[in-house]
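J.:
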Amino acid sequence: MDVVSIKDALAGKVAEGAKVRTRGWVRTRRDSKAGISFIQVNDGSCLANLQWVVPATLANYQDEVLRLTSGAAVEAIGTLVRSQGQGQAFELQADSVQVYGFVDDPETYPIQPKPHSFEFLREVAHLRPRTNAFGAVTRVRHAIAQAIHRFFDRQGFCWVNTPIITASDCEGAGQMFRVSTLDLMNLPRNDEGKVDFHEDFFGREAYLTVSGQLAVEAYCLALSKVYTFGPTFRAENSNTPRHLAEFWMIEPEIAFADLNADAALAEALLKSVFRDVLERCGEDLAFFDERVQKGVVSRLEGLVDAEFVRIDYGDAIKVLENCGKTFEFPVHWGADLQTEHERYLTEEYARRPVVVMNYPEEIKAFYMRLNEDGRTVAAMDVLAPGIGEIIGGSQREERLDRLDARMRQFGLEPAAYQWYRDLRRYGSVPHAGFGLGFERLVAYVTGMANIRDVIPYPRTPGNAAF
RNA sequence: UCCCGGAUAGCUCAGCGGUAGAGCAAGUGACUGUUAAUCACUGGGUCGCAGGUUCGAUCCCUGCUCCGGGAGCCA
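Using the working numbering, read the first sequence as starting at 686 and increasing by one per residue.
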């Protein structure tokens, strides 16, 4: 007999009156003196539960069915029929119920059929996928990942798996986690008394990657259109609702392209993702709209059609200077935009995502291309209402002399970047790319307020328990 | 890391210088093709941890741990 997912059963993909086998975990049980019990069962295939109608005549009714509580793992064979009740179109008239696993102490089972705070659920990260909210987050997260791959695939991009362990300590962004097999209690020392990393696994210092960008640039300058999608690590002591020590990042890189093409790609990618998720995740999005953040669905619908606002950094500064608001951090040309400035631009000025372009060169990374004005670089940030910076990107400096000058300006030794410099020596070409924070995108789409609640097992300072 | 706020039953919270309460959950019973069912009863707490003040601390003070909001770093 076929095993049918609850999603398919409720969607009418199974003929009415068909015998089916369904499985899942109990959400609630209600008993009726009419000689039946109603059991709501969820298998994660969709948000909705399937109602099993279990007659008291089953052999194991007294001993087992009446002992079922939230969380128990069960299987039933029965007939899919139109429901006599109001809440659902179909239900399963059970011929038999098999219990795989009871909840051995129902009083302390953390997941109850009621709303829980997300803070509490973080403490039971292994059980929170059994809630409506985390089931929905998990399905939407998956749908977004698939939508991203589909978008790039359609456009002829290659997914390039850049290394997670990197020996270059110069990827440019933030504090790194060290990777080592040395015995911390007994470190090998060289003549100067310093740790001798020649003895370490890779024969040199190694770290977890903070970005695949430099590595993927090499593939860009051969395959033209590439992207990375993988885990990224930052050992920053960041304690905010939008930072993780381990997160996933998408980094496309396109050859023969300038900053405008980069911004256009970012906008097209985001819109494509929004469109796909709206089409495929209606039930889950409706849940987020109702229970998590009002208006997330109409926000996504609006974004699919609206043009993102593109604004030059210099013009953004003027907007902020003339907006009549007093900011805690004063606005002036040359300063980086603070959170309060970004919020004004996205939430009050534009009321939609804003692409800020061409930042002052001294506040941006060494690899960003110096503009003709000599004081700005071809960098862009995509700022989204409610979540802030969701994408950061740039056109890369493809001219070797300028790149070397910028490295020295930032106190970096060009010799340490030989392979990266080679790309500017052998067939260099204008190219551009950006980094999209995957969890920030999931948070934005779902309306979830804390990034720790859109990744299965969040890693943050002091937190890696699961 | 900095600035605020918080930690009381399995969960969400109220409370008060004299050693604790509600709703939900759980258990039992009643009722019912039920819908986070309803009603009644019952069990359940070293009031975050360690010190201090006090005759007496869950309450006041100090330190620590953890959590939340804001900021910085950024994706």
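Every residue, glycine too, gets a C-beta built ideally from N, C-alpha and C.
Can you look up N1148 in the DSSP assignment and give me helix, strand or coil?
T.: Against the first sequence, residue 1148 aligns to sequence position 463. Correct three-state label for N1148: strand.
J.: Kindly identify the DSSP beta-bridge partner or partners of N727.
T.: If you number the first sequence from 1, residue 727 lands on position 42. According to DSSP, N727 bridges with W710.
J.: Using DSSP's beta-bridge definition, name the partner residues of A1128.
T.: Residue mapping note: residue 1128 aligns to position 443 of the first sequence, counting from 1. DSSP lists no partner for A1128.
J.: Could you check the C-alpha separation between P1099 and D1086 for me, to the nearest Å?
T.: Along the first sequence, one-based indexing puts residue 1099 at 414. Along the first sequence, one-based indexing puts residue 1086 at 401. Roughly 11 Å separates the two Cα atoms.
J.: In whole angstroms, what separates the C-alpha of Q771 from that of R1137?
T.: Locating residue 771 in the first sequence gives position 86, where the first residue counts as 1. Locating residue 1137 in the first sequence gives position 452, where the first residue counts as 1. So the alpha carbons of these two residues sit roughly 37 Å apart.
J.: Residues in its own chain within less than 6 Å of A970 by CB, not counting five upstream and five downstream?
T.: The sequence position of residue 970 within the first sequence is 285, counting from 1. Rather than Ala, the amino acid found at residue 970 in this sequence is Leu. Answer for L970: V982, listed in chain order.
J.: With distances taken between CB atoms, is the gap from N734 to V782 smaller than 8 Å?
T.: Reading the first sequence from its first residue, position 49 is the one you call residue 734. Reading the first sequence from its first residue, position 97 is the one you call residue 782. It is not a contact, given that the beta carbons lie outside the stated cut-off.
J.: For the alpha helix (DSSP H) that K692 lies in, which residues bound it at each end?
T.: The residue given as residue 692 occupies position 7 in the first sequence. Looking at the DSSP string, the run of the alpha helix (DSSP H) that includes K692 is 691-695.
J.: Determine contact between the region 925-941 and the region 904-913, defined as no fewer than three beta-carbon pairs at a distance below 8 Å.
T.: Yes, since at least three Cβ pairs between the region 925-941 and the region 904-913 fall closer than 8 Å, the two stretches touch.
J.: What are the partner residues of H811, as DSSP defines its beta bridges?
T.: The residue labelled residue 811 in the question sits at position 126 within the first sequence. DSSP, once it has assigned bridges, lists no residue as partnering H811.
J.: DSSP beta-bridge partners for H1116?
T.: Translated into positions along the first sequence, residue 1116 becomes position 431. For H1116, which the question treats as bridged, DSSP gives the partners A940.
J.: Buried or exposed: which applies to E776, given that a residue is buried once 16 or more other Cβ atoms fall within 10 Å of its Cβ?
T.: For the purposes of this step, residue 776 is identified with residue 91 of the first sequence, where counting begins at 1. The residue is buried, with at least 16 neighbouring Cβ atoms inside 10 Å.
J.: Can you name, in chain order, every residue of its own chain whose Cβ lies under 8 Å from the Cβ of G1112, other than the five neighbours on each side?
T.: Here residue 1112 is taken as the residue at index 427 of the first sequence, counted from 1. Hits under 8 Å: L906.
J.: Count the other CB atoms, across all protein chains shown, that sit within 10 Å of the CB of P1070; report buried if there are 16 or more and exposed otherwise.
T.: As a first step, residue 1070 is located in the first sequence; it is residue number 385 there, counting from the start. The residue in question, P1070, is buried, as its Cβ has 16 or more Cβ neighbours within 10 Å.
J.: Hey, how far is the Cα of A779 from the Cα of N727?
T.: In the first sequence, counting from the first residue as 1, residue 779 sits at position 94. In the first sequence, counting from the first residue as 1, residue 727 sits at position 42. Distance between the alpha carbons of A779 and N727 is about 15 Å.
J.: Which residue comes first and which comes last in the beta strand (DSSP E) that contains W737?
T.: Along the first sequence, one-based indexing puts residue 737 at 52. Residues 735-740.
J.: According to DSSP, what are the bridge partners of E1033?
T.: Residue mapping note: residue 1033 aligns to position 348 of the first sequence, counting from 1. None; E1033 has no bridge partner.
J.: In three-state terms, what does DSSP make of F819?
T.: The sequence position of residue 819 within the first sequence is 134, counting from 1. The DSSP-derived three-state label of F819 is helix.
J.: Assuming E1083 and V1114 form a contact by the criterion Cβ under 8 Å, report the distance between their Cβ atoms to the nearest whole angstrom.
T.: Here residue 1083 corresponds to residue number 398 of the first sequence, with the count starting at 1. Here residue 1114 corresponds to residue number 429 of the first sequence, with the count starting at 1. With 8 Å as the limit, E1083 and V1114 qualify as a contact, their Cβ atoms being about 6 Å apart.
J.: How many Å lie between V739 and R767 at the Cα?
T.: Along the first sequence, read from residue 1 onward, the residue named residue 739 stands at position 54. Along the first sequence, read from residue 1 onward, the residue named residue 767 stands at position 82. Approximately 15 Å between the Cα atoms of the pair.
J.: Indicate the three-state DSSP secondary structure (helix, strand or coil) for G780 in the structure shown.
T.: Along the first sequence, one-based indexing puts residue 780 at 95. The residue you asked about is not Gly; residue 780 is Asp in the sequence shown. If DSSP states are grouped into helix, strand and coil, D780 belongs with the strands.
J.: Which of helix, strand or coil does DSSP assign to V1016?
T.: For the purposes of this step, residue 1016 is taken as the residue at position 331 of the first sequence. Residue state, collapsed to three classes: coil.
J.: If you draw a straight line from the C-alpha of R1106 to the C-alpha of F1123, how long is it?
T.: If you number the first sequence from 1, residue 1106 lands on position 421. If you number the first sequence from 1, residue 1123 lands on position 438. Computed Cα separation, rounded: 29 Å.
J.: Would you grab the beta carbon distance between A828 and D1000 for me? Rounded to a whole angstrom, and I think it's under 8 Å.
T.: For the purposes of this step, residue 828 is identified with residue 143 of the first sequence, where counting begins at 1. For the purposes of this step, residue 1000 is identified with residue 315 of the first sequence, where counting begins at 1. A828 to D1000, Cβ: 36 Å. No contact.
J.: Cα separation between D990 and A942?
T.: Walking along the first sequence from the start, residue 990 turns up at place 305. Walking along the first sequence from the start, residue 942 turns up at place 257. D990 and A942: Cα-Cα distance of roughly 24 Å.
J.: Excluding the 5 residues preceding and the 5 following L1005 in the sequence, name in chain order all residues of the same chain whose CB lies nearer than 6 Å to its CB.
T.: Residue mapping note: residue 1005 aligns to position 320 of the first sequence, counting from 1. These residues qualify, in order along the chain: V1016, H1026.
J.: Can you tell me the Cα-Cα spacing of H834 and L1121, whole angstroms?
T.: Your numbering for residue 834 matches position 149 in the first sequence. Your numbering for residue 1121 matches position 436 in the first sequence. Cα to Cα, the separation comes out at about 13 Å.
J.: Could you tell me the boundaries of the alpha helix (DSSP H) in which Y794 lies?
T.: Here residue 794 is taken as the residue at index 109 of the first sequence, counted from 1. Run containing Y794: none; DSSP gives neither H nor E here.
J.: When the Cα of A696 is compared with those of V880, G1073, A774, which residue comes out closest?
T.: Residue mapping note: residue 696 aligns to position 11 of the first sequence, counting from 1. The shortest Cα separation from A696 among V880, G1073, A774 belongs to A774.
J.: Would you mind sorting E1046 into buried or exposed? The rule is 16 or more other CB atoms within 10 Å of its CB.
T.: In the first sequence, residue 1046 corresponds to position 361, counting from 1. With 16 or more neighbouring CB atoms inside 10 Å of its own CB, E1046 falls in the buried class.
J.: Short of 6 Å in beta carbon distance, which residues of its chain neighbour T1152, apart from the five on each side in sequence? Order them along the chain.
T.: Since the displayed the chain opens at 686 and closes at 1151, residue 1152 lies outside it and no answer follows.
J.: Skipping 5 residues on each side, what residues in its chain have a beta carbon closer than 7 Å to that of G1077?
T.: If you number the first sequence from 1, residue 1077 lands on position 392. Once the five neighbours on either side are set aside, the close Cβ partners of G1077 are D1066, F1119, G1120.
J.: Given that a residue counts as buried once 16 or more other Cβ atoms are within 10 Å of its Cβ, and exposed if not, what is A1150?
T.: In the first sequence, residue 1150 corresponds to position 465, counting from 1. Exposed.
J.: In the DSSP assignment, find the unbroken alpha helix (DSSP H) run with F862 in it and report its ends.
T.: As a working mapping, residue 862 is identified with position 177 in the first sequence. Here F862 belongs to no alpha helix (DSSP H), and DSSP marks it neither H nor E.
J.: Any idea what DSSP makes of Y1052, helix, strand or coil?
T.: Here residue 1052 refers to the residue found at position 367 of the first sequence. If DSSP states are grouped into helix, strand and coil, Y1052 belongs with coil.
J.: S717 to L806, Cα distance in whole Å?
T.: By one-based count along the first sequence, residue 717 stands at place 32. By one-based count along the first sequence, residue 806 stands at place 121. Their backbone Cα atoms lie some 32 Å apart in a straight line.
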